[in-house]
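Mapping of the sequence shown onto the numbering used here: position 443 corresponds to residue 605, and the numbering continues sequentially without gaps.
Each residue gets a CB set at the ideal place from its N, CA and C atoms; glycine is no exception.
Predicted model only: the values in this text are computed from it and were never measured.
Reading through the structure tokens given below for one structure.
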Amino acid sequence: MPSLTSITRRNMKSQNTKICIYGIFTFVLLWSSKLGANASREAKQWRHHGGSRQLLRETFYPSYGESMPNSFQYRKTSTIFNVLNFGAKGDGTSDDTKAFEAAWFAACKLEASTMVVPKGSVFLIKPISFSGPDCQPNIIFQLDGKIIAPKASGSWESGLLQWLEFTKLNGITIRGTGIVDGQGSGWWTKSGTKPTAIRFYGSSDVTVTGITIQNSPQTHLKFDNCQSVQVSDITVSSPGDSPNTDGIHLQNSQDVTIQSSKLACGDDCVSIQTGCSAVNIQNVDCGPGHGISIGSLGEDNTKACVSNITVLDTKIHDAMNGVRIKTWQGGSGSVQGVVFSNIQLSQVKTAIVIDQYYCDGSKCKNDTSAVAVSGISFENIRGTYTVNPVKFACSDSLPCTDITLDTIQLRPVQGSDHLSKPFCSNIYGELKTSTTPPIDCLMVGKPSRKQALNNYDSCQN
């Protein structure tokens, strides 16, 4: 017969079991009730938004796949947008334009976001605009893969001026090790309007670094109406005979730095146009191409104003020109405050040029009006030329003034034919040192007229 103690123990164990089961049952009821309430609330929200919650998640915050950290998967706080997750194929033949547009639209909504074009893929993109002004600032376009343009010019819109456009953005950066290939060879033999590969318009705090731009139908990289631009460690690559394929084109842009870049193209390595000031170019390798140029300015009787341009520590080789200023007759305005210093030249056709009679065609009429050229310094320019060491062709009515030559050492390439002597016309300034070859055609002092000063003043208004 069981003892009283054992009966008591069995009763206590049974009671504890009942309490435990009751506790578990109560927890399940409470949890189910809460889950049902949440489900009801989610359903109401889903119905209220017409199912947009899932669409928003899939469109703007996709899973980043196994290549991305788990912390990025379906996180609405993520600021990284990989084009592959927006439908891009990256096979070099499928049209990935819409996927890029969707990725940009998502990145545009978040400050300091990053749009990723991943390494190892080739993306065929038709003309596209990555635009503001409604975009948040400081967006990064991380380019590590390759972007290619359609080969057939017939697939482009007629009269299109650019392929990849970034417009009205604040704090936009393109960086990476990737390639932008304009596949422009089909354009080079045709006349008419041809698109620029990459154009920035109306933007500020712009950075372009690390990438390669090649074979553009026309200009490779253009900045128009931009402020605070930094370009570094980029490569531009096109054949020397590809027409009008400027490396970097600046227009109406201020506070621009271009440094540590290699520019090979079929026109000016850097072209500086009207409205540009505070431009600094340093440690650039230019060639082939047409050299580094200010202008052409004043075409069709227009007013042009360029000031405070510095080109330092630069190599120019296998080019039509070394450093050049070119203006059209009939223009107005001025070029003022330019320094070309420590320039190494190798096998350039004409080493140093100021040409106020520039004419890109067979019919150009004489005109007394001109863009004034004043305050230009050529310092420590050395190397070899194949035709002409110096050409200074300044206006009869508006001579070039305050031109300084210091440590100019230029020698013809051995075996060169049709060599010319230094040419000077209507140019005033100072020889600070002897030059090779001797440049004895520079006139000392200043002309009696003051038109150059007046034209400079007109650019201050």
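Once you ignore the five residues that flank residue 297 on each side, which residues in its own chain have a CB closer than 7 Å to its CB?
270, 331
- Below 7 Å CB to CB, which residues in the same chain sit around residue 594 once its five sequence neighbours on both sides are set aside? 566, 567, 568
- Could you tell me which residues DSSP puts in a beta bridge with residue 105? Coverage of the chain is limited to positions 163 through 623, which leaves residue 105 absent and any answer about it impossible.
What's the C-alpha gap between residue 512 and residue 245?
-> 47 Å
Q.
I need the straight-line Cα distance from residue 354 to residue 409, nearest angstrom please.
A. 19 Å
Suppose contacts are defined by Cβ-Cβ distances below 8 Å. Is residue 475 in contact with residue 450 by that definition? no
- prompt: How big is the Cα-Cα spacing for residue 538 and residue 440?
  reply: 14 Å
- Unbroken stretches of the beta strand (DSSP E), 3 residues or longer, contained in the segment 263-335: 276-279, 284-286, 290-293, 302-305, 308-310, 324-329
**Q.** Identity of the residues DSSP links to residue 541 by a beta bridge
**A.** 503, 568
Q: Measure the alpha-carbon distance for residue 596 versus residue 554 and round it to whole angstroms.
A: 17 Å
Practice task
Decide if residue 299 is buried, meaning its Cβ has at least 16 other Cβ atoms within 10 Å, or exposed.
Solution key: exposed
Would you check if the distance between the CB atom of residue 278 and the CB atom of residue 285 is smaller than 8 Å? Pairing residue 278 with residue 285 gives a Cβ-Cβ distance that is not under 8 Å.
Quick one: what's got a C-beta closer than 8 Å to residue 482's C-beta in the same chain, skipping five residues either side? 451, 452, 453, 510, 511, 512
Checklist entry - Among residues of its own chain, excluding the 5 on either side of residue 501, which ones have a beta-carbon nearer than 6 Å to its beta-carbon? => result 472, 539
message = What does the Cβ neighbour count give for residue 407, buried or exposed, with the cut at 16 atoms within 10 Å?
response = buried
Practice prompt. Run the CB neighbour count on residue 295, radius 10 Å, all protein chains shown included, and call it buried at 16 or more, exposed below.
Written response: exposed
Residue 543 and residue 581 - do their beta-carbons sit closer together than 8 Å? Taking 8 Å as the Cβ cut-off, residue 581 and residue 543 do not qualify as a contacting pair.
Taking the CB atoms as reference points, tell me whether residue 160 and residue 274 lie closer together than 8 Å.
Outside the shown range of the chain (163 to 623) lies residue 160, about which nothing can therefore be said.
Checklist line | Buried versus exposed call for residue 498 [16 or more other C-beta atoms within 10 Å across all chains shown] | finding: buried
For this session: Throw me the rounded Cβ distance for the residue 379 and residue 340 pair, which I believe falls under 8 Å.
Result: The C-beta distance from residue 379 to residue 340 rounds to 19 Å, too long to meet the 8 Å contact threshold.
ask   = In terms of alpha-carbon separation, which member of 461, 349, 305 lies closest to residue 520?
value = 461
Notebook entry, point to check: Tell me which same chain residues have a C-beta within less than 7 Å of the C-beta of residue 395, skipping the five on either side of it?
Noted result: Cβ within range, chain order: 371, 372, 422, 423.
request  = Please go through the same chain and pick out, in chain order, the residues whose beta-carbon is closer than 6 Å to the beta-carbon of residue 416, but skip the five residues on each side of it.
outcome  = 389, 439, 440
Practice prompt. Taking 8 Å as the cut-off, decide whether the C-beta atoms of residue 281 and residue 253 are in contact.
Written response: no
Label residue 467 either buried or exposed according to how many other C-beta atoms from any shown protein chain fall within 10 Å of its C-beta, with 16 as the threshold for buried. buried
query = Nearest-angstrom Cα distance between residue 427 and residue 523?
reply = 21 Å
Quick check on the DSSP output: the beta strand (DSSP E) that includes residue 366 runs from which residue to which?
366-371
### Per DSSP, the bridge partner or partners of residue 140
Because the chain is modelled from 163 through 623, residue 140 falls outside the range shown and cannot be assessed.
Contact under 8 Å by Cβ, residue 493 with residue 465:
yes
Checklist entry - beta strand (DSSP E) containing residue 455: first to last residue? => result 454-459
query: Excluding the five sequence neighbours on either side, which residues of its own chain have a C-beta within less than 8 Å of the C-beta of residue 489, listed in chain order?
result: 457, 458, 459, 460, 466, 497, 517, 518, 520, 532, 533, 535
From 405, 447, 562, 288, residue whose alpha carbon lies closest to that of residue 588
562
Can you confirm whether residue 488, when its beta carbon is compared against all beta carbons of chain B, has any partner nearer than 8 Å? Protein chain content of the structure displayed is limited to a single chain, and chain B is not contained in it.
Measuring alpha carbon to alpha carbon, tell me which of 321, 413, 550 ends up nearest residue 435. 413
- Item | Pairwise C-alpha distance: residue 525 and residue 585 | 23 Å
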